[in-house]
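Participant: Just so we're aligned: the sequence shown equals residues 193 to 295 in this note's numbering.
Heads up, the beta-carbon is just placed ideally off N, CA and C, and yes, glycines get one too.
Treat the numbers as computed from the prediction; the structure is a model and nothing was measured.
Got a structure for you, questions after.
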Amino acid sequence: MDTTTTQVFRPLDSGGGRNRVTELRCNFCGSDRCEERRIEYLYSHQGEHLLVPNTPAEVCLNCGMAYYDAAVLEEIERRFFAIRNKSEEPDRYINMPEKSFVG
Ligand SMILES: [Zn+2]
Numbered sequence: 193m194d195t196t197t198t199q200v201f202r203p204l205d206s207g208g209g210r211n212r213v214t215e216l217r218c219n220f221c222g223s224d225r226c227e228e229r230r231i232e233y234l235y236s237h238q239g240e241h242l243l244v245p246n247t248p249a250e251v252c253l254n255c256g257m258a259y260y261d262a263a264v265l266e267e268i269e270r271r272f273f274a275i276r277n278k279s280e281e282p283d284r285y286i287n288m289p290e291k292s293f294v295g
């Protein structure tokens, strides 16, 4: 089995949400050195997966933990179910990385 990647979701509850200067302290290692990046986010739900490229996230420069905006996660979830219900097309289909399950 693969090791499970732990993702911590931090709701943006500071109101407004327009201020790009975040004072995010990593829950994992306690570092306050975070950088906004765009990374690939894999949403999983009951064995189905949606890969979302260019997902904005705050990434801890110390340990690499990624923090996502609650609004971003809501949009990803909305999109996942829209695609599942065939009301939206995904940007692209992906094949899950081949797992070396033999036999
Ligand atoms: Zn950290």
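Classify Cys226 as buried or exposed, calling it buried when 16 or more other Cβ atoms lie within 10 Å of its own Cβ.
Facilitator: For the purposes of this step, residue 226 is taken as residue 34 along the sequence shown, with counting starting at 1. Cys226 should be labelled buried.
Participant: Given that a residue counts as buried once 16 or more other Cβ atoms are within 10 Å of its Cβ, and exposed if not, what is Phe272?
Facilitator: Taking the sequence shown and counting its residues from 1, the one referred to as residue 272 is at position 80. By the neighbour-count rule (16 or more Cβ atoms within 10 Å), Phe272 is buried.
Participant: Tell me whether Leu253 sits in a helix, a strand or coil according to DSSP, three-state version.
Facilitator: Indexing the sequence shown from 1 puts residue 253 at position 61. Here Leu253 sits in coil by DSSP.
Participant: Under 8 Å by Cβ, that's how I've got Asn246 and Arg230 pegged, so tell me the actual separation to the nearest angstrom.
Facilitator: For the purposes of this step, residue 246 is taken as residue 54 along the sequence shown, with counting starting at 1. For the purposes of this step, residue 230 is taken as residue 38 along the sequence shown, with counting starting at 1. Yes, they are in contact, since the Cβ atoms of Asn246 and Arg230 sit about 4 Å apart, within 8 Å.
Participant: Quick one, what's near ligand 1 if you take every residue whose CB is closer than 6 Å to any heavy atom, in chain order?
Facilitator: Result: Cys218, Phe220, Cys221, Ser223, Cys252, Asn254, Cys255 and Met257.
Participant: How long is the line joining the alpha carbons of Ser223 and Glu281, rounded to whole angstroms?
Facilitator: Here the question's residue 223 lines up with position 31 in the sequence shown. Here the question's residue 281 lines up with position 89 in the sequence shown. When rounded, the distance between both Cα atoms is 39 Å.
Participant: Between Glu232, Gly239 and Glu250, which has its C-alpha nearest Leu216's C-alpha?
Facilitator: Position 24 of the sequence shown, counted from the first residue, corresponds to residue 216. Ranking Glu232, Gly239 and Glu250 by Cα distance to Leu216 puts Glu250 first.
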